[in-house]
Amino acid sequence: MPVTYSILSRLNFRQILLLLIGFNLRYYKNESSYLPLARLAISTQFSSELEFMEFYNALGTPERKDQFLRVANFYFYLVQRGDWVTTAPNCNSVVDYLSNSYKMVGIFALVESLSEERHEDFFTWLNKRDLDETFPIASKERLAELHRDYKATYGSIRRCVDFFARLPVDRQKMLCNAVKLNRKPLPNIKKFAEFLYTIRSKFVHEADLVLWLSGSSIRREGSKTVHTELTIPVIMSAMEEGLVAYFREKSPLLAK
Numbered sequence: 079m080p081v082t083y084s085i086l087s088r089l090n091f092r093q094i095l096l097l098l099i100g101f102n103l104r105y106y107k108n109e110s111s112y113l114p115l116a117r118l119a120i121s122t123q124f125s126s127e128l129e130f131m132e133f134y135n136a137l138g139t140p141e142r143k144d145q146f147l148r149v150a151n152f153y154f155y156l157v158q159r160g161d162w163v164t165t166a167p168n169c170n171s172v173v174d175y176l177s178n179s180y181k182m183v184g185i186f187a188l189v190e191s192l193s194e195e196r197h198e199d200f201f202t203w204l205n206k207r208d209l210d211e212t213f214p215i216a217s218k219e220r221l222a223e224l225h226r227d228y229k230a231t232y233g234s235i236r237r238c239v240d241f242f243a244r245l246p247v248d249r250q251k252m253l254c255n256a257v258k259l260n261r262k263p264l265p266n267i268k269k270f271a272e273f274l275y276t277i278r279s280k281f282v283h284e285a286d287l288v289l290w291l292s293g294s295s296i297r298r299e300g301s302k303t304v305h306t307e308l309t310i311p312v313i314m315s316a317m318e319e320g321l322v323a324y325f326r327e328k329s330p331l332l333a334k
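In the working numbering, the protein residues as written are 79 to 334.
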């Protein structure tokens with residue numbers, strides 16, 4: 079029977095939400111197709127198929143399983159097997175820095191998709207504050223302060239920091255040591271996440287290709303010398319470990 083306005087009008091918000099979830103559990107409803115690819119996507123995080131299945135079954139609700147299957151499959155196609163193939167003459171069909179640039183976009187899109195908060199731009203965020211206290215903005219310094227508050231409480235970077243902060247301390251330290259500013263490793267995982275987010279954003283907004291993820295490289299950024307020893311497999315491994323850590327934290331049976 080089609081869902082009509084008269085039917086919806088008799089339901090409360092939670093009933094409507096559950097109805098919509100029932101319509102949208104695409105990946106869970108097609109578990110037999112998506113689960114094998116999900117296992118392939120994060121196979122390095124489990125010692126056996128049995129261990130993976132114990133993890134998957136402990137996710138609990140259809141909604142959480144659907145979310146896991148969606149993210150793992152998108153990761154498989156967009157990142158893990160997502161090489162950018164070009165048909166341009168006189169060049170290799172796969173160019174690592176082109177693939178890496180698009181893989182970074184995919185990684186951060188998936189990380190942000192895990193957030194239960196929806197995106198809210200800076201202007202909208204400002205207008206939700208007390209207008210008498212916020213406006214007028216008296217100076218550039220005050221505007222910069224407000225923007226820092228926005229990024230700390232609602233910005234996309236915070237979601238990315240939260241994701242990488244779930245990694246074990248040893249992994250965080252290894253990632254920070256792989257990026258050096260003026261010969262000094264990044265001080266914490268927040269700075270590392272910001273570094274990755276910045277190179278992703280420069281590609282998205284300025285068409286500045288991601289050249290940092292092909293091994294050891296040195297580059298001048300203003301007054302700073304940046305030396306990286308990152309590769310896309312290192313970032314992918316951290317992403318896979320972070321995905322497992324995220325779902326362990328969000329699933330009561332795994333969080334114990």
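Even glycine gets a Cβ: it sits at the ideal position worked out from N, Cα and C.
Span of the beta strand (DSSP E), counted from its first residue to its last, around residue i
i	result
residue 296	295–299
residue 61	Missing from the structure shown is residue 61; the chain here goes from 79 to 334 and no further.
residue 259	257–259
The alpha helix (DSSP H) enclosing residue i, as first and last residue numbers
i	result
residue 312	310–328
residue 243	Element bounds for residue 243: n/a, residue is neither H nor E.
residue 214	Taken as a continuous stretch (DSSP letters only), residue 214 belongs to no alpha helix (DSSP H), as it is neither H nor E.
residue 43	Past the boundaries of the shown model lies residue 43; the chain is included only from 79 to 334, so the question cannot be answered.
residue 133	127–135
residue 110	109–119
Residue i, buried or exposed, once every other Cβ within 10 Å from all chains shown has been counted against 16
i	result
residue 151	buried
residue 323	buried
residue 248	exposed
residue 302	exposed
residue 307	exposed
residue 262	exposed
residue 331	exposed
residue 257	buried
residue 267	buried
residue 241	buried
residue 116	buried
residue 112	buried
residue 213	exposed
residue 81	Reliability of the predicted coordinates at residue 81 is poor, the pLDDT of 49 falling under 50, and the value obtained from them is presented with this limitation in mind. It counts as exposed.
residue 128	exposed
residue 300	exposed
Beta-ladder partner(s) of residue i, from DSSP
i	result
residue 263	258
residue 172	163
residue 292	309
Contact test: residue i Cβ vs the ligand PLP heavy atom, cutoff 7 Å
i	result
residue 119	Of ligands this structure carries none, so the ligand PLP is not represented either.
8 Å Cβ cutoff met for residue i and residue j
i	j	result
residue 274	residue 179	no
residue 106	residue 144	yes
residue 393	residue 279	In the structure as shown, the chain begins at 79 and stops at 334. Residue 393 is therefore absent and cannot be evaluated.
residue 122	residue 315	yes
residue 272	residue 235	yes
residue 153	residue 187	no
residue 137	residue 325	yes
residue 245	residue 319	yes
Min CB distance residue i to chain C below 8 Å
i	result
residue 265	No chain C appears in this structure, which consists of one protein chain only.
Quick check: the region 208–225 against the region 164–181, are there 3 or more CB pairs under 8 Å? no
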